[in-house]
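Chemist: Please see the structure below; I have some questions.
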Amino acid sequence: AATKQYQFDIQVKNISRLCHAKPIVTVNGRFPGPTIYVREGDRVLVNVSNHAQYNMSIHWHGLKQFRNGWADGPAYITQCPIQTGSSYVYDFNVTGQRGTLWWHAHILWLRATVYGAMVIMPKQGTPFPFPQPHREEIILLGEWWHGDVETIEKEGINLGLPPNMSDAHTINGKPGPLFPCYEKHTFAMEVEQGKTYLLRIINGALNDELFFAIANHNMTVVEIDAVYTKPFTTQALLIAPGQTTNVLVKANQMPGRYFMAARPFIDIPFPEDNKTATGILQYKGIPNTVFPTLPTLPAPNNSAFAFAYNKKLRSLNSQKYPANVPRKVDRNLFFAVGLGKNPCPTCVNGTQITASLNNISFVMPKIGLLQAHYSNVKGVFRTDFPDKPPIVFNYTGAPLTANLGTTQGTRLSKIAFNSTVELVLQDTNLLTVESHPFHLHGYNFFVVGTGIGNFDPAKDPAKYNLVDPPERNTVGVPTGGWTAIRFQANNPGVWFLHCHLELHTGWGLKTAFVVEDGPGSDQTILPPPKDLPPC
Ligand code: C2O
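Mature numbering (1 follows the signal peptide of the UniProt record, and there is no 0) puts the sequence shown at residues -1, 1 to 534.
As structure tokens, this is what we get:
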């Protein structure tokens, strides 16, 4: 194992897209940010020096950070932000994980431009459990706004206005030929006839789940969220913000130019967003003058495709990579996911859209929850987050028009060390039904079941997959349906749980688990680093 060091200078840079230049926050002046290449077993030190006018924090999305929440990154959850002019070294080990993950700013909406890939190579001499690709390529999907992202965030969150949609989707920061001034901003990868390529696809978009496809080429899914899967072949895939998907693509078509394309999956009637980012798969020797073929993507509102696609995902569950699915459950949690409306005197319409879990909109604390927990600071948070919704109702029936108000609080669930947790996330139709990609920090979990309609505790658990369910860190709760996840709480700390649609997070769709220390000396939270940013 090696120690890998990176320097991340947070700096503002003028970047031009769609024929306009604007200042954006970057890492090292690059957009998207640099890729981190590490190997399973490495220690990683990333010195983040903040030269921008915004406070900063960086999250290593999907890294488990065993006992080491200090390096996890979400602002006010595991650390106070890195102030302008200060720096902080994220110091962590990459243990028991290999595959594609990513990193992003975890404060305000700054991850719109502050994000990059993290590739964890398997241990030296350990091959992939699939044919060795000829070459690999990172496909980082994102969004681009003409305006200043922080202004747009404030409109969406503080004024209660529906937020501005992004002006483009991007592949490796580039919108591609369906947008103006694309000439310099089109991603292309060259392939050779007959060879197989590994694409490491990451959805770094702020607010959009995306369909992705390559014209005329099938993709074989081999890994999701840095966990190997049973390979299956598909023409299109679905990827939610936060998720990663590795696919093998064989260049087995007539030599030519083929578009790869990403377009949102939005199954609510608004906003209508069908902007398509494109990049090019270019066979060697084919001139740039040949116009590429577009792939067929599922219709933007095709929830049936989304549901069926997610159902196909299975852990590899081989001897070398077993799926250790918890069989018994110590703690049953049922969280109803809702969008509602609260009165808001300062808002344009007098109301503000909110989002809640079990009718609680999470209020961000003023100091980091992990420090408060570690040093026993009272009054920062409560650990009385309810295990069940306050009322039982027909969650996915007709929309409720009255009583959309939520309660507010910094309320967390306390989880006993090493207990097995089952969490059912139930979508609701308070305002509308919608798909929500939920991300848990500090853990992977098994997606043991999912269904449309209301979860039935008497019938649905009998249908769980406890053999080879997908293991991941971000899961879509289907539109008008539910998802059940299980994990073993063996990582002490304070771990954020939130919808990875940034708009919903901002509206309060988040909470955290306080996982208590275990009895062993190697089962406790590590002491905080000396340079942990002060509040
Ligand atoms: Cu990718 Cu809490 O985030």
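By construction, the Cβ of each residue, glycine as well, lies at the ideal position given by its N, Cα and C atoms.
Since the structure is predicted, the reported quantities are computational estimates derived from the model, not experimental observations.
DSSP three-state call for Tyr463: helix, strand or coil?
Modeler: To locate residue 463, count along the sequence shown from 1; it is residue 464. DSSP places Tyr463 in coil when its eight states are reduced to three.
Chemist: Would you check whether the ligand C2O has a heavy atom nearer than 6 Å to the C-beta of Pro73?
Modeler: Taking the sequence shown and counting its residues from 1, one reaches residue 73 at position 74. Yes - the ligand C2O has a heavy atom lying nearer than 6 Å to the Cβ of Pro73.
Chemist: What residues match up with Lys377 in a beta bridge as DSSP calls it?
Modeler: The residue labelled residue 377 in the question sits at position 378 within the sequence shown. Note: Lys377 sits in no beta bridge, so no partner.
Chemist: Apply the 10 Å Cβ neighbour rule to Asn245 and answer buried if 16 or more other Cβ atoms are within range, or exposed otherwise.
Modeler: Looking up residue 245 in the sequence shown gives position 246. Result: buried.
Chemist: Just the Cα atoms here: how many angstroms apart are Pro321 and Asp207?
Modeler: Here residue 321 is taken as the residue at index 322 of the sequence shown, counted from 1. Here residue 207 is taken as the residue at index 208 of the sequence shown, counted from 1. Roughly 32 Å between the two C-alpha positions.
Chemist: Is His168 a contact residue of the ligand C2O, with contact defined as CB to any heavy atom under 6 Å?
Modeler: On the sequence shown, position 169 is the one that residue 168 refers to. False, no ligand heavy atom lies under 6 Å from that Cβ.
Chemist: In terms of residues, what are the limits of the alpha helix (DSSP H) holding Ile414?
Modeler: By 1-based counting over the sequence shown, the position of residue 414 is 415. Element bounds for Ile414: not the alpha helix (DSSP H) but the beta strand (DSSP E), 412 to 414.
Chemist: On the DSSP letters alone, give me the boundaries of the alpha helix (DSSP H) that residue 536 sits inside.
Modeler: This structure cannot speak to residue 536, because the chain is shown only from -1 to 534.
Chemist: Nearest-angstrom Cα distance between Val336 and Thr427?
Modeler: As a working note, residue 336 is residue 337 in the sequence shown. As a working note, residue 427 is residue 428 in the sequence shown. Taking the straight line joining both Cα atoms gives about 6 Å.
Chemist: Report buried or exposed for Ile81, applying the criterion of at least 16 other Cβ atoms within 10 angstroms of its Cβ.
Modeler: By 1-based counting over the sequence shown, the position of residue 81 is 82. The residue is buried, with at least 16 neighbouring Cβ atoms inside 10 Å.
Chemist: Given this structure, state the Cα-to-Cα distance separating Ala104 from Val113, to the nearest angstrom.
Modeler: By 1-based counting over the sequence shown, the position of residue 104 is 105. By 1-based counting over the sequence shown, the position of residue 113 is 114. Cα-Cα distance, rounded: 6 Å.
Chemist: Could you check whether the Cβ of Gly241 sits closer than 6 Å to any heavy atom belonging to the ligand C2O?
Modeler: Counted from its first residue, the sequence shown places residue 241 at position 242. It does: the Cβ of Gly241 is within 6 Å (strictly closer) of some heavy atom of the ligand C2O.
Chemist: Residue ranges of each beta strand (DSSP E) run of no fewer than 3 residues wholly in the region 310 to 372, ordered along the chain?
Modeler: 330 to 342, 350 to 356, 359 to 361
Chemist: Under 6 Å from any heavy atom of the ligand C2O, does the C-beta of Phe361 make it?
Modeler: In the sequence shown, counting from the first residue as 1, residue 361 sits at position 362. Phe361: no, Cβ never under 6 Å from the ligand C2O.
Chemist: For Thr228, collect the residues of the same chain with a Cβ closer than 8 Å to its Cβ; drop the 5 residues on either side in sequence, then sort them by chain order.
Modeler: Counting from one through the sequence shown, the residue named residue 228 turns up at place 229. Answer for Thr228: Val220, Val221, Glu222, Leu312, Arg313, Ser314, Leu315, Pro469, listed in chain order.
Chemist: Do Lys194 and Ala239 have their C-beta atoms closer together than 7 Å?
Modeler: Locating residue 194 in the sequence shown gives position 195, counting from the first residue. Locating residue 239 in the sequence shown gives position 240, counting from the first residue. Going by C-beta atoms, Lys194 is not nearer than 7 Å to Ala239.
Chemist: Consult DSSP for Trp69 and reduce its assignment to one of helix, strand or coil.
Modeler: In the sequence shown, residue 69 corresponds to position 70, counting from 1. The answer is helix: DSSP assigns Trp69 an H, G or I state.
Chemist: Which residue's Cα is closest to the Cα of Gly146: Asp455, Val514, Asn54, Lys21?
Modeler: Here residue 146 refers to the residue found at position 147 when the sequence shown is read from its first residue. Nearest C-alpha to Gly146: Lys21.
Chemist: Counting only the same chain and skipping the five closest in sequence on each side, list residues whose C-beta sits under 8 Å from that of Ala167.
Modeler: For the purposes of this step, residue 167 is identified with residue 168 of the sequence shown, where counting begins at 1. Same-chain partners within the cutoff: Arg16, Leu17, Glu142, Trp143, Pro174, Phe178, Lys274, Ala276.
Chemist: If you measure from the CB of His60, is any heavy atom of the ligand C2O nearer than 6 Å?
Modeler: The sequence position of residue 60 within the sequence shown is 61, counting from 1. Yes - the ligand C2O has a heavy atom lying nearer than 6 Å to the Cβ of His60.
Chemist: Exposed or buried, Asn54, counting other C-beta atoms within 10 Å across all chains shown (16 or more means buried)?
Modeler: If you number the sequence shown from 1, residue 54 lands on position 55. By the 10 Å Cβ count, Asn54 comes out buried.
Chemist: Specify the secondary structure class of Thr150 as computed by DSSP and reduced to three states.
Modeler: Locating residue 150 in the sequence shown gives position 151, where the first residue counts as 1. The three-state reading of DSSP puts Thr150 in helix, counting H, G and I together.
Chemist: From what residue to what residue does the beta strand (DSSP E) around His435 run?
Modeler: Counted from its first residue, the sequence shown places residue 435 at position 436. 435 to 439 is the extent of the beta strand (DSSP E) around His435.
Chemist: Checking 7 Å against the spacing of the C-beta atoms, do Trp102 and Ile57 come in under that value?
Modeler: Start at 1 with the first residue of the sequence shown, and residue 102 comes out as number 103. Start at 1 with the first residue of the sequence shown, and residue 57 comes out as number 58. Yes, Cβ-Cβ distance for Trp102 and Ile57 is below 7 Å.
Chemist: Taking 6 Å as the cut-off, is the beta-carbon of Phe495 closer than that to any non-hydrogen atom of the ligand C2O?
Modeler: Here residue 495 corresponds to residue number 496 of the sequence shown, with the count starting at 1. Because some heavy atom of the ligand C2O lies under 6 Å away, the Cβ of Phe495 counts as near it: yes.
Chemist: Which runs of the beta strand (DSSP E), 3 residues or longer, sit entirely within the region 31 to 116?
Modeler: You should have 35 to 38, 42 to 49, 57 to 60, 86 to 92, 98 to 104.
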